[in-house]
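A.B. asks: For the protein sequence lines, the chains are A and B, in the order given. According to our numbering, the first sequence is numbered sequentially starting from 1. According to our numbering, the second sequence is numbered sequentially starting from 1001. Positions of the beta carbon are idealized from the N, C-alpha and C atoms, including for glycine. Structure in structure tokens, see below.
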Amino acid sequence: MTSGFEPGAAGDRRTGPGREASTLDLPEPGPQRAHAVTSDGRSHGPNPIMVIPALAFFVFFAIVPLFAVVALSFTEWDGLKDPVWAGLTKWQETLSDARTLNAARLSLIVMVATWAIQAPISLLLGVFMAGHQKYRNVLSVLYFLPLVFSAAAVAIAFKKLLDPNFGFAQALGLTWLNLDWFGKPGLALTIVLVVIAWIFIPFHSLLYQAGVRQIPQSLYEAAMIDGANGWRRFWSITIPQLRYTIITSSTLMLVGSLTYFDLIYVMTQGGPGNATRILPVDMYLIGFRSFDMGHASVIAVILVAVGLVLSITLNRVSGANRMESQMEGM
Amino acid sequence: MAARTRPNVVGGTLGWLWLVFVLVPIYYIVVTSLRDRSTFWTENPLLPPAHPTLRAYGTVLENRFMLYFGNSAIITVATTAIVVTICLMAAYYIVRSRTRLAQRSFSLILLGLAIPLQATIIPVYYMITRLHLYDTLLALILPSVAFAVPITVLILVNFVRDVPRELFESMRVDGAGDWRMLGQLVLPLARPAIITVAIYDALNVWNGFLFPLVLTQSTATRVLPLSLWTYQGEFQTDTPAVLAAVVLSALPIVVAYVLGRRQLVSGLTAGFGK
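Next comes the structure, spelled out in structure tokens:
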């Protein structure tokens, strides 16, 4: 078996330099554009009407709500009548609410644990999947299967599978695994983390697979001539070469962990007690079950702020802005 | 060529372990959905049923499954069609135009990648109720379109940008306008990217839970993910039926995945990769 740390490059058309060239090689806009000016003086390019529909949908249902949620966080609103201005009341209320603070703490735990579990496994699986052996391709196809289910479906299936009386522990005769998984706070949170990993690791390992396949094979060849062993090559070639993939995937994991709602809501509804009531679940329950939209809006604003700060910080720290690199040549 | 070295024990072990971890729950869903209601309580949950039956599927189909399936199909097809159409136009404009509007639009739309849908649900609920669209399928389609725009535009822009400039120029020399270039040049060339984003967007809408939970309430507008949740309450003692509904709800996606896996996978990594 070939070492999975260095997938064969033979026949791989998606190696680094070639792909980069396709995005970075764009001609300079100015002078080229002059050629496009036709006799009818169409120097401004296509009609703006082409971008308006997408922009309109996006602004109306994504940007406006983003500002609106900030406004609503300064109101008292039960979801039915009209919102009433309440100044900073809701902010004070929220920031001193023990349950919301607990939700924030849980969100932080989930965020850190999600990353600690998923990042190493995704990376190793991605490296493994990048090998060109047939069986690895077959495995990669199967790894992807969790992505076909909705979070609601996954939540229900795991609930049944972990049922202490009729679930997998019974099937295997492992009585020590016959636990009330969703009845004990620590266990419930662990299960949530495991199921989240089950859903999302395939996607992240896919990013790593693509990243690994872009590493120039010559780096590995040179290292082998220098006598570096597999472990050494993994740490000094694979990991550094994957730094952008690591940043992208980690950003998606950390920011994504702020948004887990469906899965937890269907699986535990935030319980037992408040043991899995992370911020988005707390927001939903306060807004749409207790009808305190002002309080819920404060939580939403916090979620957006934390998400944006995280994305920006991670991009700064990495020294390369993924979005900027996407826009290069514009 | 990759040189032969010692086998990668760590990767290999993890690879096979992960396969088991992925497959066991899925296997469990399928075998349980084929079990009879009575034998569910007595048979070993992880062994295939002694007498497989489609009874559970019948129960689900008799309980308005096709209505929920239809609702999901309507919002998925409508959302995907709208998103792909408007985003292809937008991508064409963003790539071909050197105006400030093009650059600003693109930056603004990319910002949307960082906006969590959950955080906007309260204002979206407010707008939908004020527009008197609450509990309609349109209430699900409109915000779903908006939240699919950023990733769709990003992937399509990356693709349209790779269309060689000379092709545009030669068509322009032939007197083609923007709409004709969009239809006769970009559309055929961008087909793989369009299929990718279409599958990706469709998957998100099909499996979406929060918008339906907040923006609809009646049986008539219920979509599949929400129905799984209500089935769970209705069929409390009939686990095979609940899991049969899970299987049926995932079936179209499995088909789409089998048909378009390659494009989905490559498109996703093109969109999120560096």
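From A/I156 to A/M267, what distance separates their C-alpha atoms?
C.D. replies: The residue labelled residue 156 of chain A in the question sits at position 156 within the first sequence. The residue labelled residue 267 of chain A in the question sits at position 267 within the first sequence. Approximately 6 Å between the Cα atoms of the pair.
A.B. asks: Kindly indicate the opening and closing residues of the alpha helix (DSSP H) around A/I237.
C.D. replies: For the purposes of this step, residue 237 of chain A is taken as residue 237 along the first sequence, with counting starting at 1. Unbroken run through A/I237: none, as it is neither H nor E.
A.B. asks: In chain A, what lies closer than 9 Å to B/S1249 by C-beta?
C.D. replies: Counting from 1 along the second sequence, the entry for residue 1249 of chain B is found at position 249. Under the 9 Å cutoff, chain A gives F149, S150, A152, A153.
A.B. asks: Could you check the C-alpha separation between B/T1237 and A/V306 for me, to the nearest Å?
C.D. replies: Within the second sequence, numbered from 1, the residue matching residue 1237 of chain B stands at position 237. Within the first sequence, numbered from 1, the residue matching residue 306 of chain A stands at position 306. Rounded to whole angstroms, B/T1237 to A/V306 spans 42 Å at the Cα level.
A.B. asks: Helix or strand or just coil, what does DSSP make of A/W77?
C.D. replies: Position 77 of the first sequence holds residue 77 of chain A. Under the three-state reduction of DSSP, A/W77 is assigned to coil, being neither helix nor strand.
A.B. asks: Could you name the residues of chain E that A/S257 contacts, counting a contact when the two beta carbons are closer than 9 Å?
C.D. replies: Within the model displayed, chain E is absent; protein chains A and B are what it includes.
A.B. asks: Determine the DSSP secondary structure at B/W1179, reduced to helix, strand or coil.
C.D. replies: For the purposes of this step, residue 1179 of chain B is taken as residue 179 along the second sequence, with counting starting at 1. Correct three-state label for B/W1179: helix.
A.B. asks: Report the partner residues of A/W85 according to the DSSP bridge assignment.
C.D. replies: Here residue 85 of chain A is taken as the residue at index 85 of the first sequence, counted from 1. A/T75, per the DSSP bridge assignment.
A.B. asks: Residues of chain A with a CB under 9 Å from the CB of B/T1239: which are they?
C.D. replies: By one-based count along the second sequence, residue 1239 of chain B stands at place 239. Result: K160, D163, F166.
A.B. asks: Please check if any C-beta of chain A sits within less than 9 Å of the C-beta of B/S1218.
C.D. replies: By 1-based counting over the second sequence, the position of residue 1218 of chain B is 218. No - not a single Cβ of chain A is within 9 Å of the one on B/S1218.
A.B. asks: Give the secondary structure of B/E1166 by DSSP, where H, G and I count as helix, E and B as strand, and everything else as coil.
C.D. replies: Numbered from 1 along the second sequence, position 166 holds the residue referred to as residue 1166 of chain B. B/E1166 falls in the helix class under three-state DSSP.
A.B. asks: Note down, in chain order, every chain B residue with its Cβ under 8 Å from the Cβ of A/V141.
C.D. replies: Reading the first sequence from its first residue, position 141 is the one you call residue 141 of chain A. Here the neighbours are R1261.
A.B. asks: Just the chain A side, please: which residues come within less than 8 Å of B/L1101 by C-beta, in chain order?
C.D. replies: Taking the second sequence and counting its residues from 1, the one referred to as residue 1101 of chain B is at position 101. Residues of chain A passing the Cβ test: P48, V51.
A.B. asks: With DSSP collapsed to three states, give me the class of A/P27.
C.D. replies: For the purposes of this step, residue 27 of chain A is taken as the residue at position 27 of the first sequence. Since pLDDT at A/P27 reaches only 39, below the 50 mark, its modelled position is unreliable, and the value read off the structure follows with that caveat. Here DSSP, grouped into helix, strand and coil, assigns A/P27 to coil.
A.B. asks: Do the stretch 1122 to 1130 of chain B and the stretch 292 to 301 of chain A meet, that is, are 3 or more Cβ pairs less than 8 Å apart?
C.D. replies: yes
A.B. asks: To the nearest angstrom, report how far apart A/G287 and A/L66 are at their CA atoms.
C.D. replies: Counting from one through the first sequence, the residue named residue 287 of chain A turns up at place 287. Counting from one through the first sequence, the residue named residue 66 of chain A turns up at place 66. Cα-Cα distance, rounded: 16 Å.
A.B. asks: Does any residue of chain B bring its CB to less than 9 Å from the CB of A/V304?
C.D. replies: One-based indexing of the first sequence puts residue 304 of chain A at position 304. Answer yes: the Cβ-Cβ gap between A/V304 and chain B drops below 9 Å somewhere.
A.B. asks: Just verifying my parser: in three-state terms, what is the DSSP assignment at B/G1012?
C.D. replies: Your numbering for residue 1012 of chain B matches position 12 in the second sequence. Looking at B/G1012 - three-state DSSP - the assignment turns out to be helix.
A.B. asks: Are B/V988 and B/L1189 touching if we call contact CB-CB under 9 Å?
C.D. replies: Outside the displayed range of chain B (1001 to 1274) lies residue 988 of chain B, so it cannot be described from this structure.
A.B. asks: Touch check for the stretch 1244 to 1260 of chain B and the stretch 1164 to 1172 of chain B: three-plus C-beta pairs under 8 Å?
C.D. replies: no
A.B. asks: Comparing alpha-carbon positions, which option in A/A119, A/F149, A/R105, A/S73 lies nearest B/P1025?
C.D. replies: Taking the second sequence and counting its residues from 1, one reaches residue 1025 of chain B at position 25. When only C-alpha atoms are compared, the closest one is A/F149.
A.B. asks: Leaving aside the five residues before and after B/I951 along the sequence, list all residues of the same chain whose C-beta is less than 6 Å from its C-beta, in chain order.
C.D. replies: Absent from the structure is residue 951 of chain B, since the part of chain B shown begins at 1001 and ends at 1274.
A.B. asks: Along chain A, in chain order, which residues have C-beta atoms closer than 7 Å to that of B/L1210?
C.D. replies: One-based indexing of the second sequence puts residue 1210 of chain B at position 210. Within 7 Å Cβ-Cβ: F261, D262.
A.B. asks: For B/T1219 versus B/L1067, is the C-beta spacing smaller than 9 Å?
C.D. replies: In the second sequence, residue 1219 of chain B corresponds to position 219, counting from 1. In the second sequence, residue 1067 of chain B corresponds to position 67, counting from 1. Taking 9 Å as the Cβ cut-off, B/T1219 and B/L1067 qualify as a contacting pair.
A.B. asks: In chain B, which residues lie less than 7 Å from A/M293 when you measure between Cβ atoms?
C.D. replies: Here residue 293 of chain A refers to the residue found at position 293 when the first sequence is read from its first residue. Chain B residues near A/M293: I1122.
A.B. asks: Within 10 Å of its beta-carbon, does B/T1042 have 16 or more other beta-carbons around it, so buried, or fewer, so exposed?
C.D. replies: Counted from its first residue, the second sequence places residue 1042 of chain B at position 42. Answer is exposed; the Cβ neighbour count stays below 16.
A.B. asks: Helix, strand or coil for A/Y260 per DSSP?
C.D. replies: Taking the first residue of the first sequence as position 1, residue 260 of chain A is located at position 260. Note: A/Y260 maps to coil in three-state DSSP.
A.B. asks: If we count Cβ pairs, one from each stretch, closer than 8 Å, do we get three or more for the stretch 208 to 218 of chain A versus the stretch 242 to 258 of chain A?
C.D. replies: yes
A.B. asks: Note down, in chain order, every chain B residue with its Cβ under 7 Å from the Cβ of A/F182.
C.D. replies: Taking the first sequence and counting its residues from 1, one reaches residue 182 of chain A at position 182. Neighbours of A/F182 on chain B: none; closest Cβ ~14 Å, over 7 Å.
A.B. asks: Among A/L162, A/Q118, A/W235, whose alpha-carbon lies nearest the alpha-carbon of A/S249?
C.D. replies: In the first sequence, counting from the first residue as 1, residue 249 of chain A sits at position 249. It is A/Q118 whose Cα lies nearest to the Cα of A/S249.
A.B. asks: Any contact of the stretch 185 to 192 of chain A with the stretch 275 to 293 of chain A, i.e. 3+ C-beta pairs under 8 Å?
C.D. replies: yes
A.B. asks: Just to confirm, are A/V64 and B/P1116 a CB contact at a threshold of 9 Å?
C.D. replies: Within the first sequence, the letter at position 64 stands for residue 64 of chain A. Within the second sequence, the letter at position 116 stands for residue 1116 of chain B. No. Outside cutoff.
A.B. asks: Check whether the stretch 1058 to 1075 of chain B touches the stretch 1171 to 1178 of chain B, taking contact to mean three or more Cβ pairs, one atom from each stretch, closer than 8 Å.
C.D. replies: no
A.B. asks: By the criterion of Cβ-Cβ separation under 9 Å, what are the contact partners of A/W198 in chain B?
C.D. replies: For the purposes of this step, residue 198 of chain A is taken as residue 198 along the first sequence, with counting starting at 1. Near A/W198 (Cβ distances below 9 Å), the residues of chain B are F1021, V1022, P1025.
A.B. asks: Just the Cα atoms here: how many angstroms apart are B/A1193 and B/V1030?
C.D. replies: In the second sequence, residue 1193 of chain B corresponds to position 193, counting from 1. In the second sequence, residue 1030 of chain B corresponds to position 30, counting from 1. The C-alpha of B/A1193 lies about 33 Å from the C-alpha of B/V1030.
A.B. asks: Please classify A/Y135: is it buried, with 16 or more other beta-carbons within 10 angstroms of its beta-carbon, or exposed?
C.D. replies: Residue mapping note: residue 135 of chain A aligns to position 135 of the first sequence, counting from 1. The residue is exposed, with fewer than 16 neighbouring Cβ atoms inside 10 Å.
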